[in-house]
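Residue numbering for the sequence shown follows full-length UniProt numbering, starting at 1 and increasing by one per position. Where is the CB? At the ideal position from N, CA and C, for every residue including glycine. These notes are about the structure you will find just below.
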Amino acid sequence: MYDHAEEYGIDRNKIAVGGDSAGANLTAAIAVKDRDQGMNKVALQILIYPCVSFFTKGVRLNNEEANGFVIADEQKQTIDRILSAGSPSEDQEDEPILAMFGDLYFDDRGDAESPYASPMLADSKGLPRALCVSAEFDRLRFQTESYGKKLNEAGVSVKTIRYQGCVHAFFDRLGFVPQAEDLCIEITNAIKTM
Numbered sequence: 001m002y003d004h005a006e007e008y009g010i011d012r013n014k015i016a017v018g019g020d021s022a023g024a025n026l027t028a029a030i031a032v033k034d035r036d037q038g039m040n041k042v043a044l045q046i047l048i049y050p051c052v053s054f055f056t057k058g059v060r061l062n063n064e065e066a067n068g069f070v071i072a073d074e075q076k077q078t079i080d081r082i083l084s085a086g087s088p089s090e091d092q093e094d095e096p097i098l099a100m101f102g103d104l105y106f107d108d109r110g111d112a113e114s115p116y117a118s119p120m121l122a123d124s125k126g127l128p129r130a131l132c133v134s135a136e137f138d139r140l141r142f143q144t145e146s147y148g149k150k151l152n153e154a155g156v157s158v159k160t161i162r163y164q165g166c167v168h169a170f171f172d173r174l175g176f177v178p179q180a181e182d183l184c185i186e187i188t189n190a191i192k193t194m
């Protein structure tokens, strides 16, 4: 697109990349790689409930937030492992969450330490403007909001939104969940103001 901007009738200085969940991980990785290679072709990254780290390192929250999910005792053992994916663990600080997802994602567990796999581990200075979107009842909320704070602290212009009452993948429920429609408006506004 960048090299053929005139052909497509677009402004090569206003290219946005975006995705949700794993697609948001790829989006963040593209933004980091674009910056690292000095291309600076990405003007906006749209990160909808991304997994930005396969580690708990750098994910900041207080104990009240970490324990904000109430699970019935009879269901706790069954779903606690899934709910803990992507959130800090008191007993396994900086332990990769590879046991559940990483073995399917990486040939070598060491690859999870790459800033292109775990953008939270990258230097955030010089990254493009970002829209970071989290869902209240999504464990990736902690990663998303920590990443938004990290970008902000590095001087990146970032807007972080937490959608109340929503779970992971709520954006797929456009037409059924009003928050999904609001997110479409937020994305449109972010693109319009590039």
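**Secondary structure of residue 166, DSSP reduced to three states** = Counted from its first residue, the sequence shown places residue 166 at position 166. Residue 166: coil per DSSP, three-state reduction.
**Asked** Leaving out the 5 sequence neighbours to the left and right, which residues in its chain are closer than 6 Å to residue 121 when beta-carbon positions are compared?
**Response** Taking the sequence shown and counting its residues from 1, one reaches residue 121 at position 121. 115.
**Request:** Return helix, strand or coil for residue 184, following the three-state DSSP convention.
**Result:** Within the sequence shown, the letter at position 184 stands for residue 184. Residue state, collapsed to three classes: helix.
**Continuous alpha helix (DSSP H) stretch holding residue 23: start and end** = The residue given as residue 23 occupies position 23 in the sequence shown. It spans 22-36 - the alpha helix (DSSP H) in which residue 23 sits, taken as one unbroken run.
**Request:** Look at the Cβ atom of residue 11, then the Cβ atom of residue 172, and state whether they are nearer than 9 Å.
**Result:** Walking along the sequence shown from the start, residue 11 turns up at place 11. Walking along the sequence shown from the start, residue 172 turns up at place 172. Going by C-beta atoms, residue 11 is not nearer than 9 Å to residue 172.
**Prompt:** Curious, which full-length beta strand (DSSP E) runs of at least 3 residues does the segment 99-169 contain?
**Reply:** 129-135, 158-163
**Request:** Report all residues from its chain with a CB closer than 7 Å to the CB of residue 170; omit the five preceding and five following residues, and keep chain order.
**Result:** What you label residue 170 is simply residue 170 of the sequence shown in a count that begins at 1. Contacts found: 135, 163, 177, 179, 180.
**Request:** Could you pull out every residue in the same chain whose Cβ sits closer than 7 Å to the Cβ of residue 13, ignoring the five residues on either side in sequence?
**Result:** As a first step, residue 13 must be located in the sequence shown, where it is residue number 13. Closer than 7 Å at the Cβ level, and outside the excluded window around residue 13, lie 43.
**residue 52: first and last residue of the uninterrupted beta strand (DSSP E) it sits in** = In the sequence shown, counting from the first residue as 1, residue 52 sits at position 52. Looking at the DSSP string, residue 52 is not in any beta strand (DSSP E), and its letter there is neither H nor E.
**Prompt:** Just reading off the alpha helix (DSSP H) that residue 195 is part of, what are its end residues?
**Reply:** Since the displayed the chain opens at 1 and closes at 194, residue 195 lies outside it and no answer follows.
**Asked** Within this structure, are the beta carbons of residue 190 and residue 119 separated by less than 9 Å?
**Response** In the sequence shown, residue 190 corresponds to position 190, counting from 1. In the sequence shown, residue 119 corresponds to position 119, counting from 1. No, they are not a contact pair.
**Request:** In the DSSP assignment, find the beta strand (DSSP E) that holds residue 177 and state where it starts and stops.
**Result:** Sequence index remark: in the sequence shown, residue 177 carries index 177 (1-based). Where residue 177 is concerned, there is no enclosing beta strand (DSSP E), given that its DSSP letter is neither H nor E.
**Asked** Cα separation between residue 46 and residue 152?
**Response** Residue 46 sits at position 46 when you count from the first residue of the sequence shown. Residue 152 sits at position 152 when you count from the first residue of the sequence shown. Rounded to the nearest angstrom, the two C-alpha atoms are 15 Å apart.
**Prompt:** For residue 141, which residues from the same chain have a beta carbon less than 8 Å from its beta carbon, with the 5 sequence-adjacent residues on both sides left out?
**Reply:** Position 141 of the sequence shown, counted from the start, is the residue given in the question as residue 141. 49, 134, 135, 162.
**Message:** For residue 103 and residue 113, I'd like the C-alpha separation in whole angstroms.
**Reply:** One-based indexing of the sequence shown puts residue 103 at position 103. One-based indexing of the sequence shown puts residue 113 at position 113. About 14 Å.
**Prompt:** If we ignore side chains and look at the alpha-carbon of each, how far apart do residue 111 and residue 194 end up?
**Reply:** Counting from one through the sequence shown, the residue named residue 111 turns up at place 111. Counting from one through the sequence shown, the residue named residue 194 turns up at place 194. Whole-angstrom Cα-Cα distance: 33 Å.
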